[in-house]
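According to the working numbering, the sequence shown is numbered sequentially starting from 132. Glycine included, C-beta positions come from ideal geometry on N, C-alpha and C. The structure displayed is predicted, hence computed values, not measured ones.
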Amino acid sequence: MHKPVIAVALSGGVDSLVSGFLLKEKYPHVFGLHFITGYEKQPGNMAYIKEQLKMDIVCLDLSEAFEQKVVQYFVSTYTQGQTPNPCMVCNQKIKFGILLEQAKKLGADYLATGHYAAIVNTLTRPHLDTSHAWLEKGTDTAKDQSYFLARLSSSQLSQILCPLADFTKEQVKDLAARYNLVPLRAKESQDICFIHDTGICEFITDKTGMALRKGPVMDMAGRHVGTHDGVFRFTIGQRRGINCPASEPYYVRKIDPLTNTLHVCFKKDLAQYQMAVDSIMWNDPDTDDTQNLKTKIRYHHKEADSRLYRNGSAGRVIFNHPQHAVTPGQAAVFYKSKKVSGSGIIQ
């Protein structure tokens, strides 16, 4: 029987470090991959990780592709008045796109990462008919990262492993302590990995050369209620920074970069029963039923009961109860229980 060759993506954090350790314990042929984005504050000491895991680690410079496929996407989406999710694009096009291709060229059958999610394929569930691979939530409900992997195709999922699927974050930390596995950094990165010492607005203007321009703030009745200092300072649902006196606080409802206008509303007016989505990827092998879904409209959002009406790769989501701050550019992820059925981009 063929013993699979596993490549594990190693960032230097505790999750990928423990993933590498678990894989080394289970499979005889495991090696590491570390890729450079060009936005690292300091280079990762992969020699230190190599010493701990006792495995070869190949370092790859993917900075050019990262700039083109992730950073430029982020910037262009923002300049269109939408709020992108660069992590999902990085997973789709860099980690499980270019990095997966490189892993295969180096002889790997699978690429593993430290995501808290479960992937069902021929290696993880050999007793099932898994000719069509799919994605499920991880065991740790507080840490589950299936949302960030929801733009991956079945073909990609068939070649991916997530060793931490059945672990909680605390169990991972305990494993690291028990086996003296020390990550390169103690603190986890929670922000956008390519923005360090500046804000998003400043990053956008630096990349594009576009000067911030003052512009009108309009309420839902079309009244001019104030002036903003630059539309790229805002995102949908934002309250801070509007600075327009009213009977109750204003929230950002819409951003129009073409007219340099910020549209605002009161909190109750942020709620909506439906939204348009496009670029739908449907990845549930069991059913085309789209009438009993739970939809997540951003990572820190409680899934909402909903129905999806599809027309090819576009569609409309109808919620059973109104949802606040539906944000164009973000991903809508559709769940059936713990299974990820599909995803789309909010319009």
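For residue i, the residue or residues it bridges with in DSSP
i      : result
LYS467 : LYS470
MET349 : HIS355 and HIS394
ILE250 : LEU266
TYR158 : Its beta-bridge partners do not exist; DSSP assigns none.
LEU292 : ALA243
HIS165 : CYS190
VAL448 : MET406 and LEU439
MET412 : SER474
ALA462 : ILE476
Whole-Å CB distance - residue i paired with residue j, under 8 Å assumed
i      : j      : result
HIS327 : LYS345 : In fact, because the Cβ distance is near 27 Å, the residues do not count as touching under 8 Å.
SER285 : ASN414 : 6 Å
ARG364 : CYS396 : 18 Å between Cβ atoms; not a contact.
PRO459 : TYR404 : Not quite, the Cβ-Cβ distance comes to about 16 Å (not below 8 Å), so this is no contact.
GLY368 : HIS455 : 7 Å
GLY143 : LEU312 : Their Cβ separation, rounded to whole angstroms, is 11 Å, which puts GLY143 and LEU312 out of contact at 8 Å.
GLN223 : ARG282 : 5 Å
PHE162 : MET186 : 6 Å
THR392 : MET351 : Incorrect: roughly 13 Å between the Cβ atoms, too far for contact.
Distance between residue j and residue i (C-alpha atoms, nearest Å)
i      : j      : result
LYS157 : ILE225 : 26 Å
MET177 : LEU306 : 20 Å
THR244 : SER150 : 7 Å
GLU171 : CYS324 : 8 Å
GLN461 : ILE476 : 6 Å
TYR533 : ALA407 : The structure shown does not extend to residue 533, since the chain spans only 132 to 478, so no value can be given for it.
TRP265 : GLU434 : 19 Å
LYS338 : GLY330 : 12 Å
SER437 : ASP419 : 15 Å
GLU301 : ALA463 : 28 Å
VAL220 : LYS200 : 8 Å
GLY473 : SER147 : 26 Å
GLN478 : ILE428 : 11 Å
ASP275 : LYS425 : 15 Å
PRO257 : TYR440 : 34 Å
ALA334 : MET341 : The displayed chain sequence assigns Phe, not Ala, to residue 334. Going from the Cα of PHE334 to the Cα of MET341 covers about 11 Å.
PHE166 : HIS160 : 20 Å
THR153 : LYS304 : The residue asked about is misnamed: residue 153 is Leu in this sequence, not Thr. Using only the alpha carbons, I get a separation of about 13 Å.
LEU164 : LEU292 : 14 Å
PHE465 : VAL448 : 10 Å
LEU389 : PRO347 : 12 Å
ILE386 : LYS155 : 49 Å
PRO174 : ASN451 : 48 Å
HIS263 : PHE197 : 29 Å
ALA445 : MET412 : 10 Å
Three-state secondary structure (DSSP) of residue i
i      : result
ILE326 : coil
MET219 : helix
ARG456 : A quick correction: the sequence has Ala, not Arg, at residue 456. If DSSP states are grouped into helix, strand and coil, ALA456 belongs with coil.
MET186 : coil
VAL313 : coil
THR426 : strand
MET406 : strand
LEU75  : Missing from the structure shown is residue 75; the chain here goes from 132 to 478 and no further.
LYS304 : helix
ASP297 : coil
LYS385 : strand
ASP436 : strand
ALA138 : strand
ARG441 : strand
ILE476 : strand
Cβ of residue i within 7 Å of any chain D Cβ
i      : result
MET412 : No chain D is part of this structure, which consists of one protein chain only.
Notebook entry, point to check: Three or more C-beta pairs closer than 8 Å, one from the segment 292-300 and one from the segment 240-260: is that the case here?
Noted result: By the Cβ criterion, the segment 292-300 is in contact with the segment 240-260, since at least three pairs of Cβ atoms, one from each stretch, lie closer than 8 Å.
Notebook entry, point to check: Does the pairing of the segment 188-205 with the segment 227-236 give three or more beta-carbon distances under 8 Å?
Noted result: Taking 8 Å as the limit for Cβ pairs, the verdict is that the segment 227-236 does touch the segment 188-205.
Checklist line | Cβ pair count under 8 Å reaching 3, the segment 235-242 against the segment 132-141 | finding: Yes: the two stretches touch, three or more of their Cβ pairs being nearer than 8 Å.
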